[in-house]
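Since the structure comes first, as structure tokens, the remarks are kept for the end.
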Amino acid sequence: MASADSDTQPTEAIPHAVKIIVAGGFGAGKTTLVSSVSEIAPLSTEELMTEASYGVDDLGGIEDKTTTTVALDFGRITISDDIVLYLFGTPGQDRFWFMWEELAEGALGSVILADTRRLDTCFHAVDFFERRNLPFVVAVNRFEGATAYSEEEVREALDVSASVPVVMADARERMSSKEVLVELVSHVLRSRQAALSG
Amino acid sequence: MTAPRGRGTGTPWDGGRGHPGTAVEGGHAPVVGDSTAGPLVRPYTMTKGRTRPGTDGGRLDLITLVVTVADREDRAREPEHEAILRLCRKPVSVAEVSARLDVPLTVVRVLLSDLLVEGDLRTRAAAPVTKLPEKKVLQAVLDGIRRL
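Line by line, the protein sequences give chains A and B. Each residue of the first sequence is one higher than the one before, starting from 93 at the first, in the working numbering. Each residue of the second sequence is one higher than the one before, starting from 146 at the first, in the working numbering.
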């Protein structure tokens, strides 16, 4: 892989990186959505914490503390020569909420994937993004055997404001996932417009 | 899945430790403590025990892009640092460095910070976290997604 070509560009401009968060309960299809639109096979990175940092019983000396890893899955879409978009899935477990803060920082917005068999698993995500004023859309991921609910029923169950788009999706389908992202970024732009004129 | 554009980097970590950084939905029950697939070396050994990056580390967000400086000084470096410099010939995000080298984020931030201090890596000047992305950036992102 060593080659001279990349070393001959002394001041190659560094692109602007932006991110979108893909949230939802465990098994809602977050990584499926990311992989359907990502240009790379989704990658997984790990954050380490010592048990002490999230308040589990202290068993002794620092050097004996075990570390827990939180996995974050993500994909990438190169938008242009100077913009790269990253899509980050949230960790599925409630005890890793602190990671959401870091993920949300500077994010454009979020896609909340809802599984109608377990709608309650995305309540936390809705609360979180509402509280942080981060624009989001709800994408109802279609699962085989799940009862088909209307957009209105889902909106009502989740109690999201009328301005929040609720769309039906199939996270396995690239075109469907793409539409969800188009919906989100359009929503972010509209929210921005509203904020400026309001 | 589509054309694996950008996959060519492979894993630059010689020998490849542990599991590959490929994600599988539902496959990430968090590993607590004695993972069988865990690294052979305690992670912080690489950083000589440091768990926090130096002064430059504060601006290393998950998506901060870092790139190797082409005319960097020719000197001996730790293998971990060399691996990062090889990986970052083109701009790569902090999260990607961590995933591709299979090194936890916390550790990667320390290593990257070392390289920034030494002038071996550079990063784009970070926009303040509180600042909303510009409208033209959002529009470009929208157009880019539409082209997918």
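We treat Cβ as the ideally placed atom computed from N, Cα and C, and that holds for glycine.
Problem set entry | Cβ-based burial, Ala-263/A [other Cβ within 10 Å; buried from 16] | Here residue 263/A is taken as the residue at index 171 of the first sequence, counted from 1. By the neighbour-count rule (16 or more Cβ atoms within 10 Å), Ala-263/A is buried.
Exercise. When you compare each of Ala-261/A, Pro-257/A, Glu-222/A, Phe-228/A to Arg-234/A by their alpha carbons, which one comes out closest?
Worked result: What you label residue 234/A is simply residue 142 of the first sequence in a count that begins at 1. Selected option, being the one with the closest Cα: Ala-261/A.
Exercise. In this structure, what does DSSP give as the bridge partners for Met-141/A?
Worked result: By one-based count along the first sequence, residue 141/A stands at place 49. DSSP, once it has assigned bridges, lists Thr-160/A as partnering Met-141/A.
For this session: In angstroms with no decimal places, state the Cα-to-Cα distance between Leu-205/A and Arg-267/B.
Result: The residue labelled residue 205/A in the question sits at position 113 within the first sequence. The residue labelled residue 267/B in the question sits at position 122 within the second sequence. Going by the C-alpha atoms only, they are around 36 Å apart.
For this session: Can you have a look at Phe-190/A and say buried or exposed, based on whether 16 or more other CB atoms are within 10 angstroms of its CB?
Result: In the first sequence, the residue the question calls residue 190/A occupies position 98. By the Cβ-count criterion, Phe-190/A is exposed, with fewer than 16 other Cβ atoms from all chains shown falling within 10 Å of its own Cβ.
Exercise. Under 8 Å from any heavy atom of the ligand GTP, does the C-beta of Val-252/A make it?
Worked result: As for the ligand GTP, it is missing from this structure, which has no ligand bound.
Problem set entry | Pro-227/A vs Leu-276/A beta-carbon contact at 9 Å | Residue 227/A sits at position 135 when you count from the first residue of the first sequence. Residue 276/A sits at position 184 when you count from the first residue of the first sequence. With contacts defined as CB atoms closer than 9 Å, Pro-227/A and Leu-276/A qualify as a contacting pair.
Exercise. Taking C-beta to C-beta, are Glu-139/A and Leu-164/A nearer than 9 Å?
Worked result: Counting from 1 along the first sequence, the entry for residue 139/A is found at position 47. Counting from 1 along the first sequence, the entry for residue 164/A is found at position 72. Cβ distance < 9 Å, so Glu-139/A and Leu-164/A count as in contact.
Exercise. So is Gly-117/A buried or exposed if we call it buried at 16+ other beta carbons inside 10 Å?
Worked result: The residue given as residue 117/A occupies position 25 in the first sequence. Sixteen is the threshold: when 16 or more other Cβ atoms of the shown chains lie within 10 Å of the Cβ of Gly-117/A, as they do, the residue is buried.
For this session: Could you list which residues in chain B have their beta carbon closer than 7 Å to that of Ser-278/A, in chain order?
Result: The residue labelled residue 278/A in the question sits at position 186 within the first sequence. Chain B residues near Ser-278/A: Leu-287.
Exercise. Among Asp-288/B, Arg-269/B, Ala-240/B, Thr-192/B, which one has its Cα closest to the Cα of Leu-222/B?
Worked result: Numbered from 1 along the second sequence, position 77 holds the residue referred to as residue 222/B. It should be pointed out that residue 222/B corresponds to Arg in this sequence rather than to Leu. Looking only at Asp-288/B, Arg-269/B, Ala-240/B, Thr-192/B, the smallest Cα-Cα distance to Arg-222/B is reached by Thr-192/B.
For this session: Quick one: give me the first and last residue of the beta strand (DSSP E) that Lys-111/A is part of.
Result: Stepping through the first sequence from its first residue, residue 111/A is reached at position 19. Segment 108 to 116, the beta strand (DSSP E) holding Lys-111/A.
For this session: State the Cα-Cα distance for the pair Ala-285/B and Pro-236/B, rounded to the nearest angstrom.
Result: For the purposes of this step, residue 285/B is identified with residue 140 of the second sequence, where counting begins at 1. For the purposes of this step, residue 236/B is identified with residue 91 of the second sequence, where counting begins at 1. In a straight line, the C-alpha of Ala-285/B is about 19 Å away from that of Pro-236/B.
For this session: Report the residue from Thr-239/A, Ser-127/A, Ile-113/A whose alpha carbon sits nearest the alpha carbon of Met-267/A.
Result: Reading the first sequence from its first residue, position 175 is the one you call residue 267/A. The residue with the shortest Cα to Cα distance from Met-267/A is Ser-127/A.
For this session: Compare the C-beta of Val-259/A with all C-beta atoms of chain B and state if any pair is closer than 9 Å.
Result: By one-based count along the first sequence, residue 259/A stands at place 167. Taking Cβ atoms only, chain B never reaches closer than 9 Å to Val-259/A, which makes this a no.
For this session: Within its chain, find whatever has a CB closer than 8 Å to the CB of Asp-179/B; leave out the 5 residues flanking it on each side and keep chain order.
Result: The residue given as residue 179/B occupies position 34 in the second sequence. Bear in mind that the predicted position of Asp-179/B carries a pLDDT of just 47, short of 50, making it unreliable; the figure below should be weighed with that in mind. Excluding residues within five positions, none has a Cβ falling inside 8 Å.
Exercise. Where are the beta strand (DSSP E) runs, 3 residues long or more, that stay fully inside the region 172 to 243 of chain A, in chain order?
Worked result: 175 to 181, 201 to 206, 228 to 233, all fully within the region 172 to 243 of chain A.
For this session: Report the residue ranges of all alpha helix (DSSP H) runs contained in full by the region 204 to 252 of chain B; include only those spanning at least 4 residues, in chain order.
Result: Given a length threshold of 4 residues, each whole run of the alpha helix (DSSP H) inside the region 204 to 252 of chain B is given here in chain order: 224 to 232, 239 to 246.
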